[in-house]
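Reading through the structure tokens given below for one structure.
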Amino acid sequence: MTTIGILHPGAMGISVAATAKNSGHDVIWASAGRSGATAARAAEHGLRDVGTLAALCAEAEAILSVCPPHAAEAVADEVLGLGFRGLLLDANAIAPQRARQIGDKVAAANGRFVDGGIIGGPAWKPGTTWLYLSGEEAETAVSFFTAGPLETEVLAGDIGQASALKMCFAAYSKGTTALLAGILAAADTLGVWPALQTQWRRYGSDMADGAPQDVRRVTAKAWRFAGEMEEIAATLAAAGVPGEFHAAAAEIYGRLASFKDAPAVPELADVLAALRAPHE
């Protein structure tokens, strides 16, 4: 049994932590500064609260980092600063070069690092969510998740391979939703939205009805996807491919960030109005 710290048990993180718990490990978390909703999730799935991040770093043999992309490196810096020298599994949606940078910091501090990339939603059913792993310690991380429902797969090669796959997958799966959001806003502004719907239907496409629903539903996570699009743009640029499309996708998601804590799925008109608003 390994003592594993989770940072943090949000909607995705709690499902990863639950699989580790199902697999027979002692999963701990730090409640200091976290919300009541997070505490409720952790309690429901039997995570042990150690109070502070410092206490978590002192007790954990491994730490799973599942946080917004923009915070990934800061989280690694913080746990290293608190003296953690175990295995850090970064499962965040970050560019491979950022994963390597974090890995270098961990190695310099005499810790161990695994690069991870999650594809799929929160892992509550088998066959829906995969955690890809890369780096020399990847097989060690596999042992944290033997009972499912989260599935693991090790990619050959060095640190960065798991993040690279995640970036390439999300470039399409989330990038196209941003593209549709921009198209809908432009068509509405230009007065051709009904005509566009008609033409889509003539082509036998379900986008006339599906695109508005997809764009409305994505608003709850748009604040998080903005940072992910920036990481994808950096990934493509490092591969010699133009990253400007995903940089624009980051701006589109950024304009929808205000819907983060909305009590209900917003109306399409409100989403399109937000897309037309200046992005600060």
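In my numbering, the protein residues as written are 3 to 282.
For glycine and all other residues, C-beta sits at the position ideal for the given N, C-alpha and C.
In the three-state DSSP reduction, G38 falls in the helix class (H, G or I).
Only exposed fits Q215, as fewer than 16 other CB atoms lie within 10 angstroms of its CB.
In the displayed model, R87 falls within coil according to three-state DSSP, outside both helix and strand. The shortest CA-to-CA distance from F115 to any of A259, E63, T131, A39 is the one to E63. No residue range can be given for D263, since it is assigned to no beta strand (DSSP E) and is classified by DSSP as neither H nor E. The continuous stretches of beta strand (DSSP E) do not include A125, and DSSP gives it neither H nor E.
By the neighbour-count definition (other C-beta atoms within 10 Å, threshold 16), G242 is an exposed residue. Contact between the segment 170–177 and the segment 223–235 is present, with at least three C-beta pairs closer than 8 Å. Residue state for D106 is assigned as helix, using DSSP reduced to three classes.
Here A109 has F115 as same chain residues with Cβ atoms under 8 Å from its own Cβ, once five neighbours each way along the sequence are excluded.
A direct Cα-to-Cα measurement between L182 and V217 gives close to 7 Å.
Membership of Y134 in the beta strand (DSSP E) is indicated by the continuous run 132–136.
Within the model, the alpha-carbon separation for G7 versus P70 is close to 17 Å.
Assigned with DSSP and collapsed to three states, T179 falls in helix. Apart from the 5 residues on each side of it in sequence, M14 sits with its Cβ closer than 6 Å to the Cβ of V68, P124 in its chain, given in chain order.
Taking all protein chains in view, the Cβ of D190 is crowded by 16 or more other Cβ atoms within 10 Å, so the residue is classified as buried. Your pair A143 and L135 checks out as a contact, with CB atoms roughly 5 Å apart and the cut at 8 Å. Under the 10 Å beta carbon count, G113 is surrounded by 16 or more other beta carbons and is classified as buried. Here the alpha carbons of Q201 and D208 stand approximately 11 Å from one another.
For the segment 14–66, the continuous beta strand (DSSP E) assignments of 3+ residues that do not extend past its boundaries occur at 28–31, in sequence order. By the Cβ-count criterion, L192 is exposed, with fewer than 16 other Cβ atoms from all chains shown falling within 10 Å of its own Cβ.
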